[in-house]
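Be aware that the sequence shown starts at 1, since it is given in my numbering, and climbs by one per residue.
Virtual Cβ for every residue (Gly too), placed ideally from N, Cα, C.
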Amino acid sequence: MTPMFVYDFIYASKTNLHTSKPELMTSSYIINTFTNIGGSGGAVGASLRVFLFGNLESNVETVKIIAQIALFTLSGLVTNDLLAIVLYFTNHLSFNIAMQLVLYCFPLYIIVPFFLKNNTMKKKDVIKILIGSTFEWLACLAFFTSIGFFLNYHYDIVGVYVGVVLAGIIGAISLIPGGLGTFDGTMIPTLHLVAGLSLNQSLLWVVIYRLCYYIIPFLIGLVLLAGKVIRRRIQSTSAKS
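Structural data, given as structure tokens:
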């Protein structure tokens, strides 16, 4: 989750938000764990930012900034996809035509955020998001790949890396929150065919990933959010007394 903090640091600077770094990081953690489940950059992220950071001067402007940031959050996946394409050729991997098309064509996505970019985003903001997004996806891919190591599986790490990049792309373009079903439906047979694992081993790998990368962080975020809500109600009650 740490690389995702850069999104809210940029958001804070664009909206002149005055809050402490620990408070901002806590709120950012909550937002990102919820958007991982509910879909990044959409209504969930916008609603939580307005709630956690307060009613800003212009909610319309807030939504514009969030939308701009959301467009660039997949730029890091493009970076990883370019690496995956190189590894695909140099390691003589074999995917079906449809998967190859997804792998080859996704880098074109980088045109979209630059085409739709407005004056709310400066060049330095774009660079920061690109770096943050790249590290976010690298951390996600490294975490997924490392699960097999801790399970003591014997597998082709390059094949798994390319496979999880491909599954991440399919999950992202499906627009289904968390890529639920699409990521899993791509990754399980990929682990079976490319990494040489049984279907049961592949399923266990994906379940552990879902549990550790989505469910547990979300539950922690839920507890932190509940704590914030309770503190606000106590402060509101005290102020009225």
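- Going by beta carbons, I85 and T120 fall outside the 9 Å limit.
- N96 carries a coil assignment under DSSP once its states are collapsed to helix, strand and coil.
- In the DSSP assignment, C212 falls outside any alpha helix (DSSP H) and carries neither an H nor an E.
- Taking the Cα of S202 as reference, the smallest distance to any Cα among F150, I188 and R210 is reached at I188.
- Residue state for H192 is assigned as helix, using DSSP reduced to three classes.
- Rounded to the nearest whole angstrom, the CA to CA distance from I220 to A226 is 10 Å.
- Leaving aside the five residues that flank N91 on each side, the residues in its chain whose CB is nearer than 6 Å to its CB run, in chain order, V158.
- Restricting attention to T19, I173, L224 and V207, the CA atom closest to the CA of F106 is found in I173.
- S133 is positioned such that its CB atom lies closer than 9 Å to that of G76.
- At the C-beta level, T15 and T62 come within 9 Å of one another.
- In terms of Cα proximity to Y155, the closest of Q68, V165, L24 and A195 is A195.
- If you draw a straight line from the Cα of K123 to the Cα of I129, it comes to about 10 Å.
- Of all alpha-carbon atoms in L103, P22, I69 and P113, the one lying nearest the alpha-carbon of I10 is that of I69.
- Here DSSP, grouped into helix, strand and coil, assigns Y153 to coil.
- When DSSP states are grouped into helix, strand and coil, K122 belongs to the coil group.
- N36 sits in a helix when the DSSP states are folded into three classes.
- If you draw a straight line from the Cα of L224 to the Cα of I97, it is about 45 Å long.
- Comparing alpha-carbon positions, the option among E136, E23, T73 and L103 lying closest to T186 turns out to be L103.
- Only buried fits V160, as 16 or more other CB atoms lie within 10 angstroms of its CB.
- If the five residues before and after V44 are omitted, its C-beta is found closer than 7 Å to the C-beta atoms of F34, T35 and G38, all from its own chain and listed in chain order.
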